[in-house]
Amino acid sequence: MSLPTVQVTGVEKSFLRTRALNGVTFDAGAGITGLLGPNGAGKTTLLRMIATVLAPDAGDLRLLGWNPGKADERLSIRRRLGYMPQEPGFHRSFTAFEFVDYVAILKEMVERRARHEEVRRVLSLVGLEAQSGRKIRALSGGMRRRVALAQALLGDPDLLVLDEPTAGLDPEQRLRFREIVSERSADRTVVLSTHQTEDVAALCPRVVVMLDGRELFDGTPAELIDVARGRVWLAGERAAGAHLSWRTGDGRHRNIGDAPEGADLVEPSLEDGYLLLVGRRALEEEEAA
Amino acid sequence: MTTTWHADETLLAGYADGAIDDARASSLEAHLLACAPCRAALSTHADPAALTRMWAEVTEGVDAPRPGVIERALRAVGVPDHAARLLSATPSLRLSWLIAEAIALGQSAGHANVVHGGPREDVAMFGFLVLAALLPVLGVAFAYGPGVDPAYEMGIAAPMRSGRLLLIRAVAVLGASILFAGLGALAVPWRGWEAVAWLLPSLGLTLATLALSTAIRPRVAASAVATGWVVFAIALQMGSGDRFAAFRSGAQLVFVTVIVVSAWVLARRRETFEEGAFR
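Written out as structure tokens, the structure is:
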């Protein structure tokens, strides 16, 4: 059996007094692994490490079988890596084409014609061929994110690291994104973070829920849904024992928590499982404090 | 419009092989635009590989974006297209930066020219020399690095060596500064070699900034070097009573030493640029 593409073992990272990662351990092989978690859970810090732009303070990191702490091995990783940061920065005076071309040069694509063909290919993949000649500063936020995704796809990398790739995309663009990423995931490794549980449900055979700098859950979306099985019910009002409750479109309350006897249980969603997991832990920590 | 004739096989084959004259080729091309059957017939004569190549050339010719002013200027002086693109993304090589630099040096040297022979000529000349040595340091500070290059995070995750990128940009920034300062020196020809006495200090300070950047962020390194340079120039002047002490032969020797030491440090520590946040 081949080694996982991404191996994270007991990794820790602090920024001044803030501990961003607190001994996180997980691995990811071919396919899409989704990182879910609230803001400040450590998802971005972890993804920046997997993208070789940040070093861990402690713990072990292996990417594509190499150690990113060693210069020559880090270079080998970067040659097979595509990375879309959470807040991608752009040279705004460049056109979309020029910017992706610029990143292609940084990715060691020197021969102009082949490079331009590759740039056209990735811009076409993200549906930006018609906007390729427009200045970045004239593009909408969603289009800029697609430019950022396009540069990550350059060279068809073996390891694709995407931080909040669907933020700011409209529903149609999100579907297109799912199509692009799922097509590439059969024999490649994609690690993405998102706040959108629907993206995870639609895309990821594997999900890691993070909270307070460590993994809280590691399993399949079905297993995450099972966390909430028998614990989601509908009622006319907010139930006393519910961790979370909200009024739905039909006027009834969807309650998540310890269901009372005879409750009108419903099929849980991935979001229910996630909310229950994160909410329960937050409640436990609150009680412990 | 309906076409009344069709190209025969011999003509199409000749066209596909490039064997017919330009007049007949132009006539046929005009006809092909309006005649689908002839276009279809032509495709049977064309080599698919050649068609693919030709299509790629056409796409490249039509779609390739027209680069910006800086990029075009760099290409015009023989810089390869990929290097020109890397340089055109340099914040301190933007047109606005270069114009500001040219104005600052032009004004400084022009002032020395205007007050020529007067009591303020030496003061103006001193200002020009200090500025000419200082500007490339500021340029290097804004050439590459976190907080300077907006695409730094995407760049650092790419395999191109950061040290190489920084050096390419630093050389271009230094080259532009030397060009502007050299033109400024032409405004004070009567000062002889003194008009270019900024050259070794500017090389030394730029290399010192790069060498320091192996340990701290380029902007912090540049701030330290720039402050050190101004203090050095003023302190030497006050200590010796000679306004141009920082540009005399003794000081020039110091800068030769700075150049050698900085080059050595850069060569020894160049790998630290590749570590990015891993250092």
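Just so you know, the protein sequences line up as chains H and S, in that order.
Taking my numbering, the leading residue of the first sequence gets 12, the next gets one more, and so forth.
Taking my numbering, the leading residue of the second sequence gets 522, the next gets one more, and so forth.
All C-beta atoms in this analysis are idealised placements derived from N, C-alpha and C, irrespective of residue type, glycine included.
Since we're looking at a predicted model, the values are computed, not measured.
Closest by CA to S/LEU700, which one among S/GLY638, S/LEU656 and S/ALA678? S/LEU656
Along chain H, which residues have their Cβ under 9 Å away from the Cβ of S/SER607? The question names Ser, but residue 607 of chain S is Leu in the sequence shown. Correct list: TYR113, ILE116 and LEU117.
Cβ of H/ARG156 within 8 Å of Cβ of H/LEU139? no
List, in order along the chain, the chain S residues whose C-beta lies closer than 7 Å to that of H/HIS102? Neighbours of H/HIS102 on chain S, chain order: ALA610, PRO671 and ALA672.
With a threshold of 8 Å on Cβ separation, who are the neighbours of H/MET221 within its own chain once the five nearest residues in sequence on each side are excluded? Counting only Cβ-Cβ distances below 8 Å, and skipping sequence neighbours, we find VAL35, LEU46, LEU47, GLY48, ALA52, GLY53, LYS54, LEU57 and LEU227.
Residue from S/PHE753, S/GLY760, S/GLY762 and S/ARG790 whose Cα sits closest to the Cα of S/GLN773: Residue S/PHE753 is the option with its Cα nearest to S/GLN773.
Member of S/LEU724, S/GLY725, S/LEU659 and S/GLY771 whose CA lies at the smallest distance from the CA of S/SER744: Cα-wise, what sits closest to S/SER744 is S/LEU659.
For the structure I just gave you, are there three or more beta carbon pairs, one from the region 116-127 of chain H and one from the region 139-149 of chain H, closer than 8 Å? no
Please report the residue range of the beta strand (DSSP E) in which H/VAL114 lies. For H/VAL114, there is no enclosing beta strand (DSSP E); the residue is part of the alpha helix (DSSP H) that begins and ends at 107-117.
Bounding residues of the alpha helix (DSSP H) (the contiguous stretch that carries H/MET154): Looking at the DSSP string, the run of the alpha helix (DSSP H) that includes H/MET154 is 152-164.
Nearest residue (CA-CA) to H/SER280, options H/SER25, H/ALA197, H/GLY241 and H/ALA251: H/GLY241
Residues of the region 161-182 of chain H in Cβ contact with chain C at a cutoff of 7 Å, in chain order, please. Among the chains of the structure shown, chain C does not appear; the protein chains present are H and S.
Touch check for the region 712-732 of chain S and the region 770-786 of chain S: three-plus C-beta pairs under 8 Å? yes
According to DSSP, is H/LEU75 helix, strand or coil? coil
Would the beta-carbon of S/GLU792 fall within 8 Å of that of H/ALA62? no
What does S/GLY589 touch in chain H if you count any residue whose Cβ is under 9 Å from its own? By Cβ distance, chain H contributes SER104, PHE105 and GLU109.
Give, in chain order, every residue of the region 60-85 of chain H whose Cβ lies closer than 8 Å to some Cβ of chain S. ALA62, THR63, VAL64, LEU65, ALA66, PRO79, GLY80, ALA82 and ARG85
Backbone secondary structure at S/ASN634 - three-state DSSP: helix
So which residues on chain H does S/GLY676 lean against when the C-beta distance must stay under 7 Å? LEU117
Are S/LEU614 and S/VAL741 touching if we call contact CB-CB under 8 Å? Not in contact: S/LEU614 and S/VAL741 (Cβ atoms no closer than 8 Å).
Using the Cβ count rule (16 or more neighbours within 10 Å means buried), how would you classify H/ALA197? Counting Cβ neighbours within 10 Å, H/ALA197 comes out exposed, since fewer than 16 surround it.
Rounding to the nearest angstrom, what Cα-Cα distance links H/ARG124 and H/TYR113 in this structure? 14 Å
Inspect the beta-carbon positions of H/ARG4 and H/LEU165 and report whether they are closer than 8 Å. Residue 4 of chain H is absent from the structure shown; chain H starts at 12 and stops at 300.
Residue interval of the beta strand (DSSP E) (run including H/ASP210): Unbroken run through H/ASP210 is the alpha helix (DSSP H), 208-214; no beta strand (DSSP E).
Could you list which residues in chain H have their beta carbon closer than 7 Å to that of S/ASP602, in chain order? Going along chain H in sequence order, the residues near S/ASP602 (Cβ under 7 Å) are ARG123.
Taking three-plus beta-carbon pairs below 8 Å as touching, is the region 194-212 of chain H in contact with the region 242-254 of chain H? No, because fewer than three Cβ pairs between the region 194-212 of chain H and the region 242-254 of chain H fall closer than 8 Å, the two stretches do not touch.
Is the separation between the beta-carbon of S/LEU687 and that of S/PHE794 shorter than 8 Å? For the pair S/LEU687 and S/PHE794, the CB atoms are nearer than the 8 Å cut-off.
Min CB distance S/PRO680 to chain H below 8 Å: yes
Chain H contact residues for S/GLU792, given Cβ-Cβ distances below 8 Å: Here the neighbours are ALA82.
So, helix, strand or coil for H/TYR285, using DSSP? helix
Are the C-beta atoms of H/ARG132 and some chain S residue less than 8 Å apart? no
Does DSSP classify H/ALA246 as helix, strand or coil? strand
Within 8 Å (strictly less), CB to CB, does S/GLU485 reach chain H? Here chain S covers residues 522 to 800 and nothing more, so residue 485 of chain S does not appear.
Looking at chain S, is there any beta carbon in it that lies within less than 8 Å of the beta carbon of H/ARG90? yes
For the ligand FMN, any of its heavy atoms closer than 7 Å to the Cβ of S/LEU614? The model on display carries no ligand, and the ligand FMN is accordingly not part of it.
Spatial distance of S/VAL594 from S/TRP618 (CA atoms): Here the sequence assigns Ala to residue 594 of chain S, which means Val is not the residue at that position. For S/ALA594 and S/TRP618, the distance between alpha carbons rounds to 15 Å.
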